[in-house]
Structure formats: C-alpha cells, structure tokens
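Going letter by letter, the sequence shown gives residues 1 to 401 in the UniProt record's numbering.
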Amino acid sequence: MNLHLYMWKHGVKILPVMLDVGTNNLKLIEDPLYLGLRQPRLEGEEYLSTIDEFIEAVLTRWPKAIVQFEDFQMKWAFETLKRYRERFCMFNDDIQGTAGVALAGLLGTVRAQGRSLDDFPNQKIVVVGAGSAGLGVLSMAVQAVVRMTGNAETAAQKFFLLDKDGLITKERKNLDPAAVPFAKDPGLIAGLRDGDSLLEVVKKVKPDVLLGLSGVGGLFNEEVLKALRESGSNRPAIFAMSNPTMNAECTAVEAFKHAGENIVFASGSPFENVQLGNGKVGYVNQANNMYLFPGIGLGALLSGACIITDDMLQAAAECLASYMTDQDIEKGILYPSINSIRDITAKVGASVVRAAVAEEVAEGYGKVDPEELAYMSKEETVEYVRRNMWYPNYSPLVQKK
C-alpha cells in the first residue's frame, strides 16, 4: 500500500525490503510451507548488527536514498530510530507518520472548538496505548507544545498516558524507558493513582481529547464515552485510531450516540458518516498516514536533506492541520478528501523542503542547490515540488490522421 502511494503521488523509484530475523513461533518453524527463516528471532546486538549491515549496504549503494521503517517491534522501533536518525535520512512511519497525522487532527480539534492554535498547550489529552504509535504521538504533541510555549519543563503536564495496566505514574516499576517522560506525578490531580482505569482517569482528568492507539476493540465503552461527555469541554474529541476495524476503540455510531452529537471523531479504520437526524451529520475523519508520509519523503528528496528532523515533521503536521477551511473545521472535518491527496502531498512536501532549508540540513537536488531553495517563496516552493511530481500522462503510440 505504501509503495503504491509513493508511486501515485510522486513516482520515485522504490525498493521494497523485508528483513527476516527469524521467529519464536514454533508452529511456524514446524510448518513445511513456512517460507521464513527457521530459527529463533535475533535479539540484542545480533539484531542491531543485522540492521546496521542493511542500512550501511543501502546507503553505500545509494547515498541519497531515504529509508522508511515500518512494522518494527516497539522495543526496536524506538531503538533503531534513535540509532540512525542523526546519521542517515530515515524515518519510522509507525512512530512519526502516525504522530504527524494525529497532531494535525489535534490541532484541527482546537480550531473546531473555536479556539486559536495557541490554545493547544491548554488541551487535556488522555492517550491509551503505550506502544510505538502512542508514544510517537505524545512525543510530537509535546514538541508542538514546546514550540508554542518555549517551556520544555511543563510541556507534558496535560498529557496522560495509560497502558494495559492503567494510568502510568512515576510510581510504576519496570517502566519502558520511552514512556518515562510521560509518567505522571501521583499527586498532580486529586485522587489520581498509578494503575487507575480509563474510566477513572476520564472522570478525574475531564479531558478535551481521548486518543486510543491500544489495539483493543471496544475499549471506549458506553461508560467511558458518557464520562467524556461530562468532561466540560465545549467540543470533546475522540480519536479511535487502532486498526483494523475490529480493533477500533469504538465505532463512529457509538461515539456520537454516547459522547454527544457535538463531538469531533477520528479513527484509524474506515467508518461511514453518522446520520444524526434532522439533516445533521456526524463526520468521520480517517486519520491515515497517507496524508503525510509521501510528502515527507518527497520533501526530504527534493531538498536533498541529509537527515529528517523533528522540525521537518512538525512542519508537515502543521501544513496538514492548516489545509482545511474554517467551514470544514466547524463541521468537524479534520482531514482533506482523498481527491485532494496530490495537492496536499505537494504542499506537505514544500513545507518539509522549507523546514530542511531553515535547519540547514538541505544539500540540494539535481541542479537546484540549497541557496536556490532558500530564495524560493512559499508559493515557488510548492510549484517546485509540483514540477517534480509524477503525472500518469502517456503519449499515444498511434497518431490518428
């Protein structure tokens, strides 16, 4: 799917690679039809040295290649991202692509509440799911708060993270290092304790946004949704981002039924818009990474970026967030139509190019050097990106007389 989107949107040459590091599933190992390596999964330094060898081989052969990581185990997703991102032009779509699309939706939610984007740092956001996607969303959202406030110390204060054992606080033992920055002080809100259930957290925190990346279908049950309705937010938002559909934290119908008709709803799985009666429609927003990752790759390519920075990713998310008109936002529509996908890719790509130039990581592309990129206006950068996109127009082989 990702390969099709890259080709459809800008036609670059792509090499799909699947790394087989073995399996611990004995049933598969014993299956005569299993095509993978029949050995236990590599771990530790053996695993990392294998990925090192792959990355070095790719970038020795194609020094300007952009590497996108996908579907790595959580423990390796963060480890490999940290290991390579400062040295090579790479990104992890599960962490950074998902986070960017979610951040764009969160910023759009602020607009839907009738507030300016400057109010984003005041949003109370409960995130359920401490895997690579959930932590990626939190990391990027906190970075956005830091950019707006300039205060890194309190940036994570209004974000609340839960895993399968409930609310994560600083009292939690054996906590994954990636989740440590988001662990709460137990006394932050009266009565809030480590391991509190989702329902307890929603009742005590009274969030503006409930975001799920748990992979647990039905987790946002009737009680939780009704508690969110009583949160006091003038327009609460629900992001049920797990997929496939059976793993969605709630359906669109359940969300509008129990949390109220005025909510903003986004999902990772496709749902139909909900007919609310009297001609009113509850709009469903599918928070799909397709809105960002092709533009990120295209922008990195056309800028000649040596690495993909946080500011480049933030620029992509903010571009997507600002794409929607005020009229659409008022209806609760956060993401553009699929028909606009090439246009949004061009604009996201341009925002990434400009961010790369601003951070001085752009080395130029073809005959266009960094100095020329720097002199381009915003509109000229978009046009530069459009000129380098692929269009499926073919000249006829036979000319009619």
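Beta carbons are placed, not taken as given, at the ideal position from N, Cα and C, and that holds for glycine.
Computed from a predicted model, the values in this text were never measured in an experiment.
First and last residue of the uninterrupted alpha helix (DSSP H) at residue i
| i | result |
| --- | --- |
| Q73 | Run containing Q73: none; DSSP gives neither H nor E here. |
| Q327 | D326 to K331 |
| S351 | I341 to A358 |
| V58 | G44 to R61 |
| K203 | L198 to V205 |
| F256 | A252 to A259 |
| F91 | Run containing F91: none in the alpha helix (DSSP H); it sits in the beta strand (DSSP E), M90 to N92. |
| V385 | K378 to R387 |
| G295 | F293 to S303 |
Inter-residue CB distance, residue i and residue j (contact presumed, cutoff 8 Å)
| i | j | result |
| --- | --- | --- |
| residue 419 | A104 | The requested residue 419 is not part of the displayed model; the chain covers only 1 to 401. |
| V385 | V353 | 7 Å |
| residue 422 | V101 | The structure shown does not extend to residue 422, since the chain spans only 1 to 401, so no value can be given for it. |
| G295 | G215 | Contact flag wrong, Cβ pair sits at about 27 Å. |
| I308 | A300 | 5 Å |
| K124 | V205 | 6 Å |
| N289 | G97 | 4 Å |
Bounding residues of the beta strand (DSSP E) (the contiguous stretch that carries residue i)
| i | result |
| --- | --- |
| A102 | It is not in any beta strand (DSSP E) - A102 instead sits in the alpha helix (DSSP H) that spans T98 to A112. |
| Q275 | V274 to G277 |
| G22 | Note, G22: premise wrong, no beta strand (DSSP E); not H, not E. |
| G212 | V209 to G212 |
| M241 | Segment: none, M241 is in no beta strand (DSSP E) and carries neither H nor E. |
| D267 | Here the sequence assigns Ser to residue 267, which means Asp is not the residue at that position. Residues V264 to S267. |
| V224 | Counting along the chain, V224 falls outside any beta strand (DSSP E), though it belongs to the alpha helix (DSSP H) covering E222 to R229. |
| Q286 | V284 to Q286 |
Sequence-distant residues of its chain with Cβ nearer than 8 Å to residue i (five each side left out)
| i | result |
| --- | --- |
| I168 | A130, L161, L162, L175, A179, F182, A183, K184 and D194 |
| N339 | none |
| E359 | T309, D311 and M312 |
Option in the options with minimal Cα separation from residue i
| i | options | result |
| --- | --- | --- |
| D208 | S233, I55 and V348 | S233 |
| G297 | G36, F91 and M18 | F91 |
| A77 | Y47, T345 and D31 | Y47 |
| K257 | P244, G191 and N221 | N221 |
| K331 | D52, G114 and Q143 | G114 |
| A133 | E43, D94, A152 and E254 | D94 |
| I55 | G136, P32, D119 and T80 | T80 |
| A305 | V361, E43 and A321 | V361 |
Own chain partners of residue i with C-beta closer than 7 Å, once the 5 adjacent residues on each side are dropped
| i | result |
| --- | --- |
| F271 | T251, A252 and V284 |
| I329 | G108, R111 and A112 |
| V224 | L198, L199 and V202 |
| D196 | G166 and L167 |
Cutoff 6 Å; reference residue i; Cβ partners in own chain excluding five residues on either side
| i | result |
| --- | --- |
| P121 | V145, M148 and T149 |
| N247 | G215 and G217 |
| L211 | V127 and F239 |
Runs of beta strand (DSSP E) wholly within the stretch 124 to 180 (minimum 3 residues, chain order): 125 to 128 and 159 to 163
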